[in-house]
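S.K.: Input: one structure, supplied below.
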Amino acid sequence: MKTPTYVALLQDYDANMSDFTKEAWEIDGKVPVLNVLADRPEWTEYAKVWLTKNAPQSKIEALGLHFMCWEFADEFNLIVDSFLKKAG
20 MKTPTYVALL QDYDANMSDF TKEAWEIDGK VPVLNVLADR PEWTEYAKVW LTKNAPQSKI
80 EALGLHFMCW EFADEFNLIV DSFLKKAG
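Okay, here's the thing in structure tokens:
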């Protein structure tokens with residue numbers, strides 16, 4: 020609650036208006052990437068389509084909505100641990 024409104028708005032704008040396609044292509048297959056998506060059909064399916072097209076070697080998991088690491092700590096930690104073991 021200490022974040023100034025103008026900073027929060029700029030962060031929201033940046034997150035929603037940025038295109039990370041180039042970066043996704045540049046690191047795909049070079050760096051292990053885990054994407055933990057919100058488990059919400061209208062968001063998850065769109066994100067999966069984009070990731071499959073632009074970062075096909077990335078790992079995709081869906082869990083919860085926000086703050087997955089807090090709300091679903093055990094499941095989140097299992098996902099991350101498994102990813103890290105496979106990543107090397």
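FYI, in the numbering used here the residues of the sequence shown are 20 to 107.
Cβ coordinates follow ideal geometry from the N, Cα and C atoms, glycine included.
Every value quoted in this text rests on a predicted model; they were computed, and no experiment measured them.
Mind checking ALA74: buried by the 16 CB within 10 Å criterion, or exposed?
M.R.: Within the sequence shown, the letter at position 55 stands for residue 74. That one is buried.
S.K.: Suppose you measure from the CA of GLN30 to the CA of ASP47; what does that come to, to the nearest Å?
M.R.: Your numbering for residue 30 matches position 11 in the sequence shown. Your numbering for residue 47 matches position 28 in the sequence shown. Computed Cα separation, rounded: 25 Å.
S.K.: Does the beta-carbon distance from ASN54 to LEU70 come in below 8 Å?
M.R.: For the purposes of this step, residue 54 is identified with residue 35 of the sequence shown, where counting begins at 1. For the purposes of this step, residue 70 is identified with residue 51 of the sequence shown, where counting begins at 1. Result yes, Cβ atoms of ASN54 and LEU70 sit closer than 8 Å.
S.K.: Does GLU103 pass the burial test, meaning 16 or more other C-beta atoms within 10 Å, or should it be called exposed?
M.R.: The residue labelled residue 103 in the question sits at position 84 within the sequence shown. Residue identity check: residue 103 is Leu in the sequence provided, not Glu. LEU103 comes out exposed.
S.K.: Helix, strand or coil: how does DSSP classify PHE28 here?
M.R.: Residue numbering aside, residue 28 sits at position 9 when the sequence shown is read from its first letter. Residue 28 is actually Leu in this sequence, not Phe. The answer is helix: DSSP assigns LEU28 an H, G or I state.
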